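Heads up, the thing below is written out as structure tokens.
Protein chains in written order, with the working numbering: chain A, 1 to 110; chain C, 1 to 116.
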């Protein structure tokens, strides 16, 4: 079967660092994507990992361990505007389609 | 550059009626996808077009759903007749066509469909 797990909700303080975990059990793997979605808006691309290790992009970093079926998204210097849902998605090999997790709703408090 | 647009943003219809959703992908994107999110659940893949051809429609729930992409530009998703369980947010996404699998998908804001 295909399964992607993320925490449902997280809360953090402005200026802090937060790590959002994602574990996956899928019949194959061809890349992991993180998207940010503000309420009522389109999911927007944040990062892509296909090899093990850390990818850094400004305040956001994403890590992947394929052997553990594990990824995390690290958000540094949190801002109020980072309050959103964060979606983890795995691409199915041989296709372009994504399998999504249910998303993690992050609340950033002042 | 304009992003992926979807119309309408909201639709409320009665069970048994027909609804047609429209998606305009980013210009030049040959890949077009439809996804659906039912309340409280994850976003699920419905189908994938490459230009005007259906590449993968493994996620289409049943034959009440018909997707088209005539001319390889915009796409429509028709639900006929609509059932209560069809309620949800329907997302469209597009991406470039090529050998580079790192091409991310660009999503539209979604159409919120409510069937009463």
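Here a beta-carbon is modelled for each residue, glycine too, at the ideal position from N, C-alpha and C.
Predicted model only: the values in this text are computed from it and were never measured.
query	result
Cβ separation of residue 14 of chain A and residue 110 of chain A, assumed to be a contact under 8 Å, to the nearest whole Å	5 Å
Three-state secondary structure assigned by DSSP to residue 84 of chain C	helix
Expected contact under 8 Å - CB spacing of residue 76 of chain C and residue 20 of chain C to nearest Å	5 Å
CB contact check: residue 53 of chain C to chain A, cutoff 9 Å	no
Within chain A, partners of residue 95 of chain C - CB distance below 8 Å	96
Cβ of residue 56 of chain C within 9 Å of any chain A Cβ	yes
At least three beta-carbon pairs within less than 8 Å, the region 98 to 110 of chain A to the region 8 to 25 of chain A	yes
Within 8 Å of chain C by C-beta, residues of the region 38 to 67 of chain A in sequence order	40, 41, 42, 43, 44, 45, 48, 50
Cβ pair residue 54 of chain A, residue 61 of chain A closer than 9 Å	yes
Under 9 Å between C-beta atoms of residue 52 of chain C and residue 70 of chain C	yes
Own chain residues within Cβ distance below 6 Å of residue 160 of chain A, not counting five before or after	Residue 160 of chain A lies beyond the range of chain A shown here (1 to 110); nothing can be said about it.
Residue 98 of chain A vs residue 55 of chain C beta-carbon contact at 9 Å	no
Chain-ordered chain A contacts of residue 45 of chain C [CB-CB under 7 Å]	97, 98
Chain C within 9 Å of residue 103 of chain A, Cβ atoms only	yes
Beta carbon proximity, residue 48 of chain C to chain A, threshold 9 Å	yes
7 Å Cβ shell around residue 23 of chain A - same chain, five flanking residues per side excluded	5, 69, 70
Beta-carbon spacing of residue 43 of chain A, residue 21 of chain A below 9 Å	no
Contact list for residue 33 of chain A against chain C, beta-carbon separation under 7 Å	104
Contacts around residue 12 of chain C, its chain only, beta-carbon distance under 7 Å, and the 5 residues preceding and following it disregarded	114, 116
Buried or exposed (CB count within 10 angstroms, at least 16 for buried), residue 93 of chain C	buried
Residue 106 of chain C beta carbon less than 9 Å from that of residue 63 of chain A	no
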